[in-house]
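Colleague:
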Amino acid sequence: MLRKLKAQSRENLIARKPHLLKMLSEFGDFYLELRWDFQSWIPLLSRMLPSDVCKIYKRGTSLRLDTTLVDFNDRTWERGDISFIFTSDCDRSKDQLVILDHESKVFQRIRHEESEAELDEEVDVLMSSDIVSAQMSTKPITFERTMTGWIFKHEKLEQVGDYSAVYYTVEGMSLVTRKRREHLTAEDIKKNKAFIQNLAIGSIMAEDEFKVIPLGNR
């Protein structure tokens with residue numbers, strides 16, 4: 001079932017690929033910074049909550065995403081310096097997704113095909129993992145023009161390249177996650193946690209998929 005689901009996902013992506021590449025080709029190259037954070041009414045708590053500035057680069061049909069938040073699970077998070085680089089072409093064989101860890105000086109190239117051992121291991125993880133569902137509420141969301149100035153308020157604007165950008169404040173967005181683990185034993189939880197930790201540090205990667213980047217300029 002897992003193998004069939006993965007095959008269907010690849011087929012759907014291949015079917016949509018020409019349209020996506022056409023849109024990327026027609027869209028101009030750009031650089032974008034996207035900042036997000038969590039806020040709380042409790043004094044000083046907002047400074048302790050996770051936040052990040054994602055840097056997105058687009059050139060031709062290639063995309064790059066830089067982030068410093070490498071792990072975010074329950075009430076814990078881990079900082080780092082990670083890049084996701086996607087390059088694509090009409091020729092499927094030239095598609096490539098690479099994950100770079102600038103601090104550890106390593107990278108991993110994501111493959112299209114998986115071995116039987118890897119599929120079996122993934123099934124074991126799924127059967128011994130939490131059941132997590134997430135739902136985002138969009139009905140109460142409101143958009144308001146951001147105002148600036150101490151005495152004489154005016155709408156906040158900023159020149160971004162050749163464009164005059166308008167600032168908006170978004171409020172009312174909520175994300176609710178529900179987790180079920182009554183089907184798991186204490187051993188399942190412990191084993192799965194250890195697997196995720198090993199995956200995060202790359203200790204279960206095959207040698208041909210885990211390579212050291214020579215020291216030098218980024």
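For the sequence shown, UniProt numbering assigns the number 1 to the initial residue and increments by one for each residue that follows.
A virtual CB, placed ideally from N, CA and C, is assigned to each residue, including glycine.
Given the structure is predicted, the values throughout are model-derived calculations rather than measurements.
(1) By DSSP's criteria, residue 163 is part of a beta bridge. Which residues make up the other side?
(2) Distance, Cα to Cα, residue 22 vs residue 88?
(3) Give, in chain order, every unbroken run of the beta strand (DSSP E) that is at least 3 residues long and sits entirely within the region 14 to 55.
(4) At which residue ranges does the UniProt domain "Ankyrin repeat" (64 to 194) contain complete beta strand (DSSP E) runs of 3 or more residues, listed in the order of the chain?
(5) Would a C-beta distance cut-off of 8 Å place residue 58 and residue 84 closer than the cut-off?
(6) Starting from the Cα of residue 33, find the closest Cα among 41, 54, 44, 48 and give me that residue.
(7) State buried or exposed for residue 2, treating a residue as buried only when at least 16 other CB atoms are found within 10 Å of its CB.
(8) How many angstroms separate the CA atom of residue 38 from the CA atom of residue 70?
(9) Can you give me the Cβ contacts of residue 79 inside the same chain, cut-off strictly under 8 Å, excluding the 5 residues immediately before and after it?
(10) Pick from 35, 155, 46: whose alpha carbon is nearest that of residue 66?
(11) Pick out whichever of 115, 82, 121 has its Cα sitting closest to the Cα of residue 102.
(12) Is the beta carbon of residue 168 less than 8 Å from the beta carbon of residue 144?
(13) Cβ atoms of residue 141 and residue 161: under 8 Å apart, would you say?
(14) Compute the Euclidean distance between the alpha carbons of residue 178 and residue 136, then round it to the nearest angstrom.
(15) With which residues is residue 62 paired in a DSSP beta bridge?
(16) Roughly how many angstroms lie between the CA atoms of residue 134 and residue 126, to the nearest whole one?
Modeller: Let's see:
(1) Here residue 163 refers to the residue found at position 163 of the sequence shown. Residue 163 is bridged to 160.
(2) Taking the first residue of the sequence shown as 1, we reach residue 22 at position 22. Taking the first residue of the sequence shown as 1, we reach residue 88 at position 88. Their backbone Cα atoms lie some 11 Å apart in a straight line.
(3) 30 to 37
(4) 76 to 87, 96 to 101, 106 to 109, 131 to 137, 142 to 145, 157 to 160, 163 to 166, 168 to 171, 174 to 180
(5) Taking the first residue of the sequence shown as position 1, residue 58 is located at position 58. Taking the first residue of the sequence shown as position 1, residue 84 is located at position 84. Not closer than 8 Å, so no.
(6) As a first step, residue 33 is located in the sequence shown; it is residue number 33 there, counting from the start. Ranking the options by Cα distance to residue 33, first place goes to 54.
(7) For the purposes of this step, residue 2 is taken as the residue at position 2 of the sequence shown. By the neighbour-count rule (16 or more Cβ atoms within 10 Å), residue 2 is not buried but exposed.
(8) Here residue 38 refers to the residue found at position 38 of the sequence shown. Here residue 70 refers to the residue found at position 70 of the sequence shown. Per the coordinates, the alpha-carbon of residue 38 lies some 16 Å from the alpha-carbon of residue 70.
(9) Here residue 79 refers to the residue found at position 79 when the sequence shown is read from its first residue. Around residue 79: 68, 69, 70.
(10) Your numbering for residue 66 matches position 66 in the sequence shown. Closest option to residue 66, Cα to Cα, is 35.
(11) Translated into positions along the sequence shown, residue 102 becomes position 102. Relative to residue 102, the option among 115, 82, 121 whose CA is nearest is 82.
(12) For the purposes of this step, residue 168 is taken as the residue at position 168 of the sequence shown. For the purposes of this step, residue 144 is taken as the residue at position 144 of the sequence shown. Cβ atoms of residue 168 and residue 144: closer than 8 Å.
(13) Your numbering for residue 161 matches position 161 in the sequence shown. Your numbering for residue 141 matches position 141 in the sequence shown. Cβ distance not < 8 Å, so residue 161 and residue 141 don't count as in contact.
(14) Residue mapping note: residue 178 aligns to position 178 of the sequence shown, counting from 1. Residue mapping note: residue 136 aligns to position 136 of the sequence shown, counting from 1. One C-alpha to the other measures close to 12 Å.
(15) To locate residue 62, count along the sequence shown from 1; it is residue 62. Note: residue 62 sits in a beta bridge opposite 59.
(16) Residue numbering aside, residue 134 sits at position 134 when the sequence shown is read from its first letter. Residue numbering aside, residue 126 sits at position 126 when the sequence shown is read from its first letter. About 17 Å.
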